[in-house]
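Peer 1:
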Amino acid sequence: TQLLEQSPQFLSIQEGENLTVYCNSSSVFSSLQWYRQEPGEGPVLLVTVVTGGEVKKLKRLTFQFGDARKDSSLHITAAQTGDTGLYLCAGALGYQKVTFGTGTKLQVIP
Amino acid sequence: KAGVTQTPRYLIKTRGQQVTLSCSPISGHRSVSWYQQTPGQGLQFLFEYFSETQRNKGNFPGRFSGRQFSNSRSEMNVSTLELGDSALYLCASSLKGPNTEAFFGQGTRLTVV
Chain A
109 TQLLEQSPQF LSIQEGENLT VYCNSSSVFS SLQWYRQEPG EGPVLLVTVV
159 TGGEVKKLKR LTFQFGDARK DSSLHITAAQ TGDTGLYLCA GALGYQKVTF
209 GTGTKLQVIP
Chain B
111 KAGVTQTPRY LIKTRGQQVT LSCSPISGHR SVSWYQQTPG QGLQFLFEYF
161 SETQRNKGNF PGRFSGRQFS NSRSEMNVST LELGDSALYL CASSLKGPNT
211 EAFFGQGTRL TVV
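Chains as they are written, first to last, in our numbering: chain A, 109 to 218; chain B, 111 to 223.
#1: Buried or exposed: D195/B, going by 16 or more other Cβ atoms within 10 Å of its Cβ?
#2: Would you say E146/A faces chain B, with C-beta separation under 8 Å as the test?
#3: Inspect the CB distances between the region 168-177 of chain B and the region 113-130 of chain A and report whether three or more fall short of 8 Å.
#4: In or out: D175/A buried (at least 16 other Cβ within 10 Å) or exposed?
#5: For Y159/B, count neighbouring Cβ atoms within 10 angstroms of its own Cβ and tell me buried if that reaches 16, exposed if not.
#6: Is it buried or exposed for S115/A, if we count other Cβ within 10 angstroms and need 16 for buried?
#7: Is the Cβ of G217/B closer than 8 Å to any Cβ of chain A?
#8: What span of residues does the beta strand (DSSP E) with N166/B cover, start to end?
#9: Near S182/B, which residues of its chain fall below 6 Å by C-beta distance, leaving aside the five closest residues on each side in sequence?
#10: Starting from L140/A, follow its DSSP beta bridges and name the residues at the other end.
#11: On the DSSP bridge assignment, give the partners of V114/B in chain order.
#12: Any idea what DSSP makes of D191/A, helix, strand or coil?
#13: For a cutoff of 8 Å on Cβ pairs, would you count P151/A as touching chain B?
#14: Give me, in chain order, the residues of the same chain whose beta-carbon lies closer than 6 Å to that of Q164/B; leave out the 5 immediate sequence neighbours on both sides.
#15: Taking the alpha-carbon of A186/A as reference, which of E162/A, L153/A, P218/A and Y143/A has the nearest alpha-carbon?
#16: How big is the Cα-Cα spacing for V188/B and F174/B?
#17: Using the C-alpha atoms, what's the distance from W144/B back to E192/B?
Here you go:
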């Protein structure tokens, strides 16, 4: 059973465009993380959000945690080719277990 | 500081064999989590160890097992390999648990033929 659904599954955009990736669940999470994974590498943590309604910005990336702590979004402004990769959200149920989302594969074309 | 090291990077095994994968966490990190990543199922949680104790386990058969040593290094073992076990196996280390800042290794790519 996949607890975290991400959309879209694939995204191919031109450099300079904006995009939003969604992460949805019917479960309430104590915190939610976003990772980016490049081919042949492990995921790299981008951000952790813990409070419902929280918004965090990391340069051109904006992360939002839903008020009910069941969903999250990642918005990228003016995408660059270096943003290409697999984006994964991960919901934490307590300290010990993290459930990963289905993933969004982003390709930014120059 | 040194990152998370997984060995070996690549492995080819035959059905029915067993395999042991190793993960050396970042110095000072006591939590090690293991994940299986496949194109069809995505990243699936296997288990998490903290100070040599398994604290949580995912929904995998008993053929998948692990352990953690006193120096926090961890191993996972898969017995009686099946074709469907072909995957990228990732470990992640963190100070307190996988919901805190976790650092992943590059993974071990296991192919079962």
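Note that the Cβ used here is the ideal one computed from N, Cα and C, for glycine as well.
Peer 2: With the given structure in hand:
#1: buried
#2: no
#3: no
#4: exposed
#5: buried
#6: exposed
#7: yes
#8: T163 to K167
#9: P135 and R140
#10: V157/A and G199/A
#11: Partner(s): none; V114/B has no beta bridge.
#12: helix
#13: yes
#14: F157
#15: P218/A
#16: 5 Å
#17: 19 Å
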